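Remarks on the structure that follows.
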Amino acid sequence: MISKMLCSSHTGRNLLLFWRIDKAHPRPYIVDYGEVGKMHHQGRKVLSHDFNIVWKQLMDSGSQSLRTKADHIFDAQAYVTSKGSHRGEEVIRIFSDGKEYARIYPCCWGHTTNCHGTRIGGYSESLDHWVR
Ligand SMILES: [Zn+2]
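Take our numbering: the last position of the sequence shown gets the number 132, and nothing is skipped along the way.
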């Protein structure tokens, strides 16, 4: 079971910690965290491919211009995160009109919003369909 807990970070911002206790981990351990007031990995999105398969194909093919069901055109590109809490992780960056709109990390795949509460469901779905 994942529980939520509110705490203040050293930067003075309120953070929501998501922690868990189970048989293998009798002491609570933090599974994720996010800023209060931001949505966090909201609903589920059913996808047929794993994140790493989509990421790999995107890495091999380079930036792709795709379209969501709602007819929103975007570019997707595969990267490895160079800094922050996701450093070293594979990420898919979504660009809209040349500006970065969202990042999809492995943990966000299959959710309607990413870690930062940005809606990614439509982009994930298009990427999932693009992969073959
Ligand atoms: Zn995430």
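All C-beta atoms in this analysis are idealised placements derived from N, C-alpha and C, irrespective of residue type, glycine included.
Quick caveat: nothing in here was measured; it's all calculated off a predicted structure.
Practice problem: Look at the alpha carbon of Glu125 and the alpha carbon of Arg20, and state the distance between them as a whole number of angstroms. | Solution: 29 Å
Exercise. Have a look at Asn52, Thr68, Arg119 and Ile120 and flag the residue whose alpha-carbon is nearest the alpha-carbon of Tyr79.
Key: Asn52
Quiz item: Per DSSP, what kind of secondary structure is Tyr123 in: helix, strand or coil?
Solution: helix
Quiz item: Should Tyr101 be counted as a contact of ligand 1 given a C-beta to heavy atom distance under 7 Å?
Solution: no
Practice problem: Work out the CA separation of Thr112 and Met39 for me, nearest whole Å. | Solution: Confidence in Met39 is poor, its pLDDT being 48 and thus under 50, which makes the residue's placement too unreliable to answer from.
Quiz item: Mind checking whether the beta-carbon of Asn52 lies closer than 7 Å to any heavy atom of ligand 1?
Solution: no
Quiz prompt | Extent of the continuous beta strand (DSSP E) run through Gln42 | solution = Premise fails: Gln42 is in no beta strand (DSSP E) and is neither H nor E.
Quiz prompt | Segment limits, beta strand (DSSP E) that includes Asp75 | solution = Ile73 to Val80
Self-check item: Where the alpha helix (DSSP H) containing Leu58 begins and where it ends
Solution: Phe51 to Ser61
Quiz prompt | Buried versus exposed call for Arg103 [16 or more other C-beta atoms within 10 Å across all chains shown] | solution = It is buried - the Cβ of Arg103 has at least 16 other Cβ atoms within 10 Å.
Self-check item: Cβ separation of Lys23 and Gly121, assumed to be a contact under 8 Å, to the nearest whole Å
Solution: So it is not a contact: roughly 33 Å between Cβ atoms.
Quiz item: Relative to ligand 1, is the shortest distance from any of its heavy atoms to the C-beta of Tyr105 smaller than 7 Å?
Solution: yes
Self-check item: His25 - DSSP class collapsed to helix/strand/coil
Solution: strand
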